[in-house]
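Keeping their order, the protein sequence lines are chains W and B.
The first sequence: position 17 = 87 (our numbering), numbered continuously.
The second sequence: position 82 = 152 (our numbering), numbered continuously.
Here is the structure we will look at, set down as structure tokens.
2 protein chains.
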Amino acid sequence: MNEMLDFVKALSDANRLKILGLLARQPYSGEELAALLNLKASTVSHHLAKLLQVGLVSAKTESYYNVYQLDEKALEAKSRNIFSQENLAASIADVDAGAYDNKVVRDYVRKDGSLKTIPAQRKKLEAILRYVVKAFEVNKRYSEKKVNEILSGYHEDTASLRRELVGYSLMKREGGGGEYWRE
Amino acid sequence: MNEMLDFVKALSDANRLKILGLLARQPYSGEELAALLNLKASTVSHHLAKLLQVGLVSAKTESYYNVYQLDEKALEAKSRNIFSQENLAASIADVDAGAYDNKVVRDYVRKDGSLKTIPAQRKKLEAILRYVVKAFEVNKRYSEKKVNEILSGYHEDTASLRRELVGYSLMKREGGGGEYWRE
DNA sequence: AATCTAATTTGACAGCAATCTAATTAGATT
DNA sequence: AATCTAATTAGATTGCTGTCAAATTAGATT
């Protein structure tokens, strides 16, 4: 699990927030916290372990007791930049950017690679066009006839496909000459 | 449940953090989010409801879609002062300040009100003394003999009790005269 | 009007987390 | 050394929460 999530999870419990609130005023031993919160010592120990783990409280031993103390510096520092741009960006590190396209392609493409229909909705059409355009080599010039031949493998309405590919700038067309290419 | 806890709980899930991370870059529809995160639409709907509830994202309807958008202002404002002094103080509003004393009293006092023993540990002794001192009226003067008589109802070692009460400043003694009172 | 689509709601289920009891450990006090 | 105390760990239980499938709703397109 990542650090941001650990931090937030450590704070997402009512009793742990109370512990922080109590320690914000003065240090307490585990036994005192248990009595104040009406919890068993083992439960408090469990909560304190989580708070220690993310560095929000520290403990020092004092004869019989462990005295717990709030690390205000850490709390302030972490809560300030916990949802910074970098941290939010990090949270989506493992999100597959092409997942949506893949889903649309699965929905519209037969096993043989041809299209069931041409999507009417813009977002899905874009995803399908990005799939179709892969059939063309980058920077290679194609005649309109050749383009239609290739597109016919996807759908009989090659004119629509060709027009949309150009419309969404996935392919370019040379002036009046009828030459197409993928950039 | 209080606002602080709601806010933190809304953020304490990996997929909800990913949603925030995605929306930080651009708005998405629920369907797209579901595809990107490999979740079912109903699950995403559930997550978005929580984020909407705490005001971190807003939704606007656009033909077929609900387009969700991150409210960066709210995120920044809330994350800045969630763990402020006031909020921490609020979290312990319902914590019984006398709970620790009560627990100690339960442990040391018999049904008839007398003490099983006089605690050796400082913190517990203090709690018991705060309990014992209630037997004296505030500002009324007592002779040492009367003090001992009252304390004998708690423990036979009245001398120790009397000494500790004075030592912890719960009762005052007039110079050499042997008069005691509770302030 | 009929149909289609995304979103939401409902109900079920599985996994995780909070809590307790009981047992154990680590330190201090006597 | 023996005893006491607080803290921790282990195991069990209970409640909460994320997830999905199925049914329903709300809106838009045809």
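Glycine included, every Cβ here is placed at the ideal spot set by N, Cα and C.
None of the values given here were measured: they were computed from a predicted structure.
| Taking all protein chains shown into account, do 16 or more other C-beta atoms lie within 10 angstroms of the C-beta of Lys43(B), making it buried, or fewer, making it exposed? | Outside the shown range of chain B, which is 71 to 253, sits residue 43(B), and nothing can be said about it.
| task | May I ask you to verify whether the region 117-126 of chain W touches the region 173-181 of chain B, counting CB pairs closer than 8 Å and requiring at least 3? | result | no
| said: Which of the three DSSP states is assigned to Asn136(B) in this structure? | reply: Position 66 of the second sequence, counting from 1, holds the residue named residue 136(B). In the structure shown, Asn136(B) sits in a strand (DSSP, three-state: E or B).
| task | Taking the CB atoms as reference points, tell me whether Asp80(B) and Leu145(B) lie closer together than 8 Å. | result | What you label residue 80(B) is simply residue 10 of the second sequence in a count that begins at 1. What you label residue 145(B) is simply residue 75 of the second sequence in a count that begins at 1. Contrary to the premise, residue 80(B) reads as Ala rather than Asp in this sequence. No, the pair does not count as a contact, with Cβ atoms beyond the cut-off.
| message | Rounded to whole angstroms, what is the Cα-Cα separation between Trp251(W) and Leu158(W)? | response | As a working mapping, residue 251(W) is identified with position 181 in the first sequence. As a working mapping, residue 158(W) is identified with position 88 in the first sequence. Spanning the two alpha carbons is a distance of roughly 38 Å.
| request: Out of Glu253(B), Ser128(B) and Ala163(B), state which residue places its alpha-carbon closest to the alpha-carbon of Glu207(B). | output: Sequence index remark: in the second sequence, residue 207(B) carries index 137 (1-based). Closest option to Glu207(B), Cα to Cα, is Glu253(B).
| Taking C-beta to C-beta, are Leu199(B) and Leu240(B) nearer than 8 Å? | Here residue 199(B) refers to the residue found at position 129 of the second sequence. Here residue 240(B) refers to the residue found at position 170 of the second sequence. Yes, the pair counts as a contact, with Cβ atoms nearer than the cut-off.
| request: Specify whether the region 87-99 of chain B and the region 233-247 of chain W touch according to this definition: at least 3 beta carbon pairs, one from each stretch, less than 8 Å apart. | output: no
| field | Closer than 8 Å at the beta carbon, the chain B residues around Ala169(W) | value | The sequence position of residue 169(W) within the first sequence is 99, counting from 1. What Ala169(W) touches in chain B: Ala105, Leu106, Leu107 and Asn108.
| 8 Å Cβ shell around Gln139(B) - same chain, five flanking residues per side excluded | For the purposes of this step, residue 139(B) is taken as the residue at position 69 of the second sequence. Taken in chain order, the residues that qualify are Leu93, Pro97, Val127, Ser128, Ala129 and Lys130.
| For Lys186(B), the three-state DSSP class (helix, strand or coil) | Looking up residue 186(B) in the second sequence gives position 116. Three-state DSSP puts Lys186(B) in coil, outside helix and strand.
| task | Note down the Cα distance separating Ala169(W) from His225(W), rounded to an integer number of angstroms. | result | Taking the first residue of the first sequence as 1, we reach residue 169(W) at position 99. Taking the first residue of the first sequence as 1, we reach residue 225(W) at position 155. Cα to Cα, Ala169(W) sits roughly 23 Å from His225(W).
| field | N- and C-terminal bounds of the alpha helix (DSSP H) containing Tyr178(B) | value | Working through the second sequence from its first residue, we reach residue 178(B) at position 108. From DSSP, the alpha helix (DSSP H) with Tyr178(B) extends over Ala169 to Tyr178.
| task | Pick helix, strand or coil for Ala144(B), following the three-state DSSP scheme. | result | Indexing the second sequence from 1 puts residue 144(B) at position 74. Correct three-state label for Ala144(B): helix.
| request: Pick helix, strand or coil for Ser213(W), following the three-state DSSP scheme. | output: Along the first sequence, one-based indexing puts residue 213(W) at 143. Correct three-state label for Ser213(W): strand.
| Contact set for Lys88(W): own chain, Cβ-Cβ below 7 Å, skip 5 residues either direction | Against the first sequence, residue 88(W) aligns to sequence position 18. Taken in chain order, the residues that qualify are Leu107.
| request: Using the Cα positions of Ala167(W) and Asn72(B), report the straight-line distance between them to the nearest angstrom. | output: The sequence position of residue 167(W) within the first sequence is 97, counting from 1. The sequence position of residue 72(B) within the second sequence is 2, counting from 1. In a straight line, the C-alpha of Ala167(W) is about 36 Å away from that of Asn72(B).
| message | If we define contact as Cβ-Cβ less than 8 Å, is Glu102(W) a contact residue for chain B? | response | Against the first sequence, residue 102(W) aligns to sequence position 32. Taking Cβ atoms only, chain B reaches closer than 8 Å to Glu102(W), which makes this a yes.
| Name the chain W residues whose beta carbon is nearer than 9 Å to that of Ile220(B)? | As a working mapping, residue 220(B) is identified with position 150 in the second sequence. By Cβ distance, chain W contributes nothing, its closest Cβ being about 27 Å from Ile220(B), past 9 Å.
| task | Verify whether the separation of the beta carbon atoms of Ser213(W) and Gly248(W) is less than 8 Å. | result | Mapped onto the first sequence, residue 213(W) falls at position 143. Mapped onto the first sequence, residue 248(W) falls at position 178. Yes.
| Listed by chain order, chain B residues near Val165(W) by CB distance under 8 Å | As a first step, residue 165(W) is located in the first sequence; it is residue number 95 there, counting from the start. The answer, in chain order, is Lys88, Gly91, Leu92, Leu106 and Leu107.
| DSSP three-state call for Ala129(W): helix, strand or coil? | By 1-based counting over the first sequence, the position of residue 129(W) is 59. DSSP places Ala129(W) in strand when its eight states are reduced to three.
| field | Short Cβ contact (8 Å threshold) for Ile188(W) with Leu221(W) | value | For the purposes of this step, residue 188(W) is taken as residue 118 along the first sequence, with counting starting at 1. For the purposes of this step, residue 221(W) is taken as residue 151 along the first sequence, with counting starting at 1. Contact: no.
| query | What's the gap between the Cα of Ala160(W) and the Cα of Gly91(B)? | reply | Translated into positions along the first sequence, residue 160(W) becomes position 90. Translated into positions along the second sequence, residue 91(B) becomes position 21. Cα to Cα, the separation comes out at about 8 Å.
| field | Limits of the beta strand (DSSP E) - the one that Lys242(B) falls within | value | Within the second sequence, numbered from 1, the residue matching residue 242(B) stands at position 172. Here the beta strand (DSSP E) through Lys242(B) covers Lys242 to Glu244.
| said: Let me see if you follow: with CB-CB separation under 8 Å, is Ala159(W) close to chain B or not? | reply: In the first sequence, counting from the first residue as 1, residue 159(W) sits at position 89. Taking Cβ atoms only, chain B reaches closer than 8 Å to Ala159(W), which makes this a yes.
| In this structure, what does DSSP give as the bridge partners for Ser99(B)? | Counting from one through the second sequence, the residue named residue 99(B) turns up at place 29. Its beta-bridge partners are Val137(B).
| Near-chain W residues of the region 73-85 of chain B - C-beta to any C-beta below 7 Å | Met74, Leu75, Val78, Lys79, Leu81, Ser82 and Ala84
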